[in-house]
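First comes the structure, then the notes that go with it.
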Amino acid sequence: MSLETQPTLFNVPAPWSADDTEELLNIEPLPAGFKWRLTKTSSRAMRGELVDVQPAHRDLAFGKWLRETPYFQGLFELAHQVVVEAGAKLPSGEEIAARLTALRLERERINPPSPAV
């Protein structure tokens, strides 16, 4: 079997599952500085504020944390959609973040966010 055809995480056959996206994000987390609006007030910020998407504890697996956190509801699902739409070439964490940012900006252009509550 050539190196190109050896099974790896990055050429898993379709359908790509949410578990696959979680594992990808554990390996390729969204980059430091990536921001998203909070969906739940935290000890650091109010709901609706644009904040860094990073777990409070660095030892947490990023994909698992993003999937389970109550502070960015729906963000994991959007990241999963971005990965699925990318097709055969899986995107890097930076590429996922860039697409998510474009989606957020488009959404906010159409429906501007209300002030942080």
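Counting along the sequence shown from 1, when you hit position 61 you're at 131 in my numbering, and nothing is skipped either side. We treat Cβ as the ideally placed atom computed from N, Cα and C, and that holds for glycine.
Per-residue burial, residue i [other beta carbons within 10 Å of its own, 16 or more giving buried]
{"i": "E98", "result": "buried"}
{"i": "I166", "result": "buried"}
{"i": "H150", "result": "buried"}
{"i": "E155", "result": "exposed"}
{"i": "E92", "result": "buried"}
Beta-carbon proximity of residue i to residue j, cut-off 9 Å
{"i": "T109", "j": "F142", "result": "yes"}
{"i": "K105", "j": "V123", "result": "yes"}
{"i": "N160", "j": "F146", "result": "In the sequence on display, residue 160 carries Leu and not Asn. Contact: no."}
{"i": "R174", "j": "R107", "result": "yes"}
{"i": "N96", "j": "A126", "result": "no"}
Residue i in three-state terms, based on DSSP
{"i": "L160", "result": "coil"}
{"i": "D122", "result": "strand"}
{"i": "R117", "result": "coil"}
{"i": "R174", "result": "helix"}
{"i": "D90", "result": "helix"}
{"i": "K110", "result": "coil"}
{"i": "P77", "result": "Since pLDDT at P77 reaches only 41, below the 50 mark, its modelled position is unreliable, and the value read off the structure follows with that caveat. Three-state result, P77: coil."}
Residue i versus residue j - alpha carbon distance
{"i": "T139", "j": "G163", "result": "18 Å"}
{"i": "K169", "j": "D129", "result": "Per the sequence shown, the amino acid found at residue 169 is Arg instead of Lys. If you take the alpha carbons of R169 and D129, they lie about 26 Å apart."}
{"i": "P101", "j": "S113", "result": "22 Å"}
{"i": "D89", "j": "G157", "result": "16 Å"}
{"i": "P85", "j": "G144", "result": "20 Å"}
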